[in-house]
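The opening residue of the sequence shown carries number 852 in this note's numbering; numbering runs sequentially from there. Where a beta carbon is used, it is the ideal one built from N, C-alpha and C, also for glycine. Computed from a predicted model, the values in this text were never measured in an experiment. In what follows, a structure is listed as structure tokens, so that the remarks can point back to it.
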Amino acid sequence: MMNPSEVIEVPAQLWEPLTEINSCSIAAMTKEKIVPVKAKHYQGRFYTAFGTAYGPFGARFACYISAYELTPAERYQGETYETYYDEEAIASGARSRGDHLGLVVKVQGKKWVCSKAVRLEKGLPSSIPVSLTEAKKWLEESYGRYVIDYPIKQGHWAAYEGNPVRCYHQNGSEVHDMLYRDEAGGVLSMRLCKSLALDTQATLVGNELPVNVVVSNHNQLGMLF
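Given below as structure tokens:
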């Protein structure tokens, strides 16, 4: 991907569903003249993507989606093309490798153009924090049956920005996994950079989330194929 025109930080619980728009494999394998892609709306804009990078939060190279904002083909002003990977154009310098600006794609049969390169970076979650009680239950249910994950069972709890963090050693290295709540109310984990300063377990909420609290932000996301 070329240097993005814009970098947008997306809360973790919204970023994970957005990774589904990565259409690199579809684009590379399709035999259709115009590439069909997966796409989603986020904050009123429509995106597809051709790459996803993963790394610990707080590190120099963190998680991000190499996305493109989509504009309806009939509204786009500028040069367009329909070949996802054109070796001759790259060799001649007409196009840069990984640059898909101007590429015409299809979403549900409608033509769109990759009009702007955008990096969607994974930020901290904005959902209601996972309680320590829920975190302990997650640990027991997720890793209780797997010998390969035994080290995480021997770790301890800490906190970061109000979210529980499981700290443990694996393969000679210290690992910090922060738990957070996804859009459906489930629990996911994200790796933190070891240089981030953690708070103590005492700062965590100990009780379960009240049953009358609904964690949802579905209006911000919508997916089309």
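Taking all protein chains in view, the Cβ of residue 1041 is crowded by 16 or more other Cβ atoms within 10 Å, so the residue is classified as buried. Apart from the 5 residues on each side of it in sequence, residue 912 sits with its Cβ closer than 8 Å to the Cβ of 904, 906 in its chain, given in chain order. Within the DSSP bridge table, the entry for residue 899 names 919 as partners.
One thing to note: residue 1028 has its Cβ within 9 Å of the Cβ of residue 1043. If you check the CB distance, residue 868 and residue 970 do not come in under 9 Å. With respect to residue 1015, residue 975 sits apart: the two C-beta atoms are not nearer than 9 Å. The residues 1015, 1030, in chain order, have a CB closer than 6 Å to that of residue 986 in the same chain once the five nearest residues on each side in sequence are set aside. Going by DSSP, residue 943 is part of the alpha helix (DSSP H) stretching over 938 to 943. In the DSSP assignment, the residues bridged to residue 1015 are 1010. At a Cβ-Cβ threshold of 9 Å, residue 908 and residue 1047 count as neighbours.
When beta bridges are read from the DSSP output, residue 959 appears opposite no residue. In the three-state scheme derived from DSSP, where H, G and I count as helix and E and B as strand, residue 1045 is classed as coil.
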